Each structure stands twice: as structure tokens, then as C-alpha cells.
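The structure under discussion appears below in the form of C-alpha cells.
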Amino acid sequence: MRETRFSDVCGTVNEIRNILSRSTLKPEDFTEALDLLEDVSYMISRMKHRLREYEKLRDDLRRLLEEMDRIEPKGVEEVPHVAEEFKKTVSTHPQRESDLKRAIELAEKIRKIAGSLEDVLRTYKEKCLDMLKLYGRIKGVRDWSRDEEKVIGVALPILMPLNKLLEDVYEWLPPEPHRTKLIEFIKAGRAYILPKKRRQPPMVYFEDGGSIPLHKVRYSDKIRNFYPEDKPPLDVER
259 MRETRFSDVC
269 GTVNEIRNIL
279 SRSTLKPEDF
289 TEALDLLEDV
299 SYMISRMKHR
309 LREYEKLRDD
319 LRRLLEEMDR
329 IEPKGVEEVP
339 HVAEEFKKTV
349 STHPQRESDL
359 KRAIELAEKI
369 RKIAGSLEDV
379 LRTYKEKCLD
389 MLKLYGRIKG
399 VRDWSRDEEK
409 VIGVALPILM
419 PLNKLLEDVY
429 EWLPPEPHRT
439 KLIEFIKAGR
449 AYILPKKRRQ
459 PPMVYFEDGG
469 SIPLHKVRYS
479 DKIRNFYPED
489 KPPLDVER
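Each residue of the sequence shown is one higher than the one before, counting from 259 in this note's numbering.
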């Protein structure tokens, strides 16, 4: 885990530009620029890791679709013909044992086809639930409720509801107005909080690769970016 100076590569590169644009550069300025470059590398590595997760999701979905391609309902198209033969047989009010036996056989054939069709529908349902599992796995602790409501009209459950999570990390939340801005980002699916681990504070992970301890998170309207409280960018008044 690496604490970054900004939530994304863009803000980090802006800071590098600001440092290297000073009229007089000191050795520590170059050191700072190199450290920011390490932040960039870390952010890109995190985004590459997320890319691999999406690629695995793609492969898993392809596997599911291939499994669904192999699902073949049997005899469904025969039902109208079997039913028609049953009607013809029974509508004549047959008395012969052979005709009655044939009518029963036709009814049983329809039942067998219906049972097979039920199995097929159940299998398709299971594959759809498998897709839902894949979605839940790729979503993880992220709050995608805003996008879900736009697409399907309702927000789906997440591993830890945001309200519950905020309660658990309440003492670590940054002050206003930074808190509200961060929560907006989380609700928009652009960041998520991982609860604190042993001897570590809760961390905020941004979709663009940055990571900042929750209690340090600050936001600047001027640069439209997040940064750690103890390492404000040059464009923000100290």
C-alpha cells in the first residue's frame, strides 16, 4: 500500500509541472518530482490490476455464455404435433384399449417434454445467477448504486452498505466540506473505503489509482482533486 499525493495521475502530473516550472530548482525539488513519478507508477499499477480483474470477468462471462450455448431443450417443437394427435385420438371418444393407451402415451410424452423444459429453464436461471455472482465479485465493496439506479431502476446490495461503513469509520472521517465531497465520490462509484486493518487507518482507494488514508483526505475545488492534508499541492493555499 502506498499513500499518494493525489487521487489520480492527472493531478500528480500537474504537480510535477508546477515543481519543474519554478524559477529556481533545488535538489529536493527533483527528489519530490521523482517521488510523484513513483505515485504515478503506483496508480497505473493499481489500474492495471483492476484491468486484469475486468478481463477475468470477461473470460468468465464468455465461459458462461459457452455453457449456455450447450443448453438444448429437447422435444419442445414437437408439443403442438403431439397435442394435435392427442386431440384427434380423444375427440373420437375411443373405446379400444389400444387407442386409450396411445392417448396416455401422448400425454406422458408431453409431460416428459415439459419436465425437460423445466430443467432447461432452471439451468438458464442458474447461469444468470452465476452472472450475478460475477457482477458482485467485480463490484466488491464499491458503491455503484447511482449507476445501477440509472440502468435498472434500483440499487443492488453491496458487501457493506455505505451507511454501515461510515458508522464503522466515523472517527476517521475528514471534516467538512471534504467529507461530503468524498462521500459524493463514493456514491458515484469513483472511490471506496477499506476499513482499517491492524495498526493501519482506513484507506480511500480512488478509481483512478490514488490511495489516501481516510482521515487525511482533503479536496480542493481549485484543482478539482483530492490530496492528503499534510501534503497540500502547490496550487492550494497552505
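The C-beta atom is built at its ideal place from N, Cα and C for all residues, glycine as well.
If you're wondering where the values come from, they're calculated on a predicted model, not measured in any experiment.
{"Query": "Comparing C-alpha positions only, which one of R380, V427, L423, P352 sits nearest to V399?", "Result": "L423"}
{"Query": "What does DSSP give as the partner residue(s) for N483 in the beta ladder?", "Result": "S478"}
{"Query": "Are P460 and V427 touching if we call contact CB-CB under 8 angstroms?", "Result": "yes"}
{"Query": "For the candidate residues H436, G468, K370, W430, whose alpha-carbon lies nearest to that of V267?", "Result": "G468"}
{"Query": "Does DSSP put L375 in a helix, in a strand, or in coil?", "Result": "helix"}
{"Query": "Would you report the Cα separation of N502 and L417, rounded to the nearest angstrom?", "Result": "Any property of residue 502 remains undetermined from this structure, which presents the chain solely from 259 to 496."}
{"Query": "Reducing DSSP to helix, strand and coil, say where F464 ends up.", "Result": "strand"}
{"Query": "Determine contact between the region 315-325 and the region 339-353, defined as no fewer than three beta-carbon pairs at a distance below 8 angstroms.", "Result": "no"}
{"Query": "Are there three or more Cβ pairs, one per stretch, closer than 8 angstroms when the region 329-342 is compared with the region 298-318?", "Result": "no"}
{"Query": "Does DSSP put A449 in a helix, in a strand, or in coil?", "Result": "strand"}
{"Query": "Under the rule that 16 or more other beta-carbon atoms within 10 Å means buried, what is A449, buried or exposed?", "Result": "buried"}
{"Query": "Leaving out five residues before and five after K445 in sequence, what residues of the same chain have Cβ atoms less than 8 angstroms from its Cβ?", "Result": "D401, S403, R404, L420"}
{"Query": "How many angstroms separate the CA atom of R321 from the CA atom of K383?", "Result": "16 angstroms"}
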